[in-house]
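Peer 1: Residue numbers (the working numbering): 1114 to 1232. Below is the structure I would like to discuss, written out as structure tokens.
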């Protein structure tokens, strides 16, 4: 759990992330990582939680270490924060859905070590 989660008093209801790619590819995970980094840069006191079948995913790349095929309907987004400022959460959700589609490329085409300016 992060420091932001320790201070959180509000949390959104987990919402399913619709995955439109036939399979979750490494590029999709890289896109999610970039999107979440951008959100955290804008809202450092918020904690973005990606859940897989109800359990938090602490390391996105660990999804590839599983021996079984991933349930593409098993992903959810939740955000916890010290206040109820959810202004950018709908945008975060839309970006994560787009990052889970075949159009994920725009989120990974960036300079190395540069955080996207999405929020």
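By construction, the Cβ of each residue, glycine as well, lies at the ideal position given by its N, Cα and C atoms. Just so you know, these numbers come straight off a predicted model, no measurement behind them.
Nearest to residue 1125 by alpha carbon, out of 1205, 1134 and 1176?
Peer 2: The option with the nearest alpha carbon to residue 1125 is 1205.
Peer 1: Using only alpha-carbon positions, find the residue among 1140, 1172, 1185 and 1187 that is nearest to residue 1216.
Peer 2: Of the candidates 1140, 1172, 1185 and 1187, the one whose C-alpha sits nearest the C-alpha of residue 1216 is 1140.
Peer 1: Closer than 8 Å is the cut-off here; do at least three beta carbon pairs connect the region 1216–1230 with the region 1156–1171?
Peer 2: Counting Cβ pairs under 8 Å, fewer than three are found: no touch.
Peer 1: Return yes when the Cβ of residue 1129 is within less than 9 Å of the Cβ of residue 1226, no when it is not.
Peer 2: Not a contact, by the Cβ cut-off of 9 Å.
Peer 1: Within the region 1134–1162, note down every full alpha helix (DSSP H) run reaching 4 residues or more, in order along the chain.
Peer 2: Listed in chain order, they are 1139–1155.
Peer 1: Let me know if residue 1174 comes out buried or exposed under the rule of 16 or more other beta-carbons within 10 Å of its beta-carbon.
Peer 2: The residue is exposed, with fewer than 16 neighbouring Cβ atoms inside 10 Å.
Peer 1: With respect to the alpha helix (DSSP H) encompassing residue 1202, which residues constitute its N-terminal and C-terminal limits?
Peer 2: Residue 1202 -> alpha helix (DSSP H) spans 1202–1212.
Peer 1: Grab me the residues of residue 1180's own chain with a C-beta within less than 8 Å of its C-beta, minus the 5 sequence neighbours each way, in chain order.
Peer 2: Residue confidence is low: residue 1180 scores 49 on pLDDT, short of 50, so the model does not pin down where it sits. No coordinate-derived value is stated.
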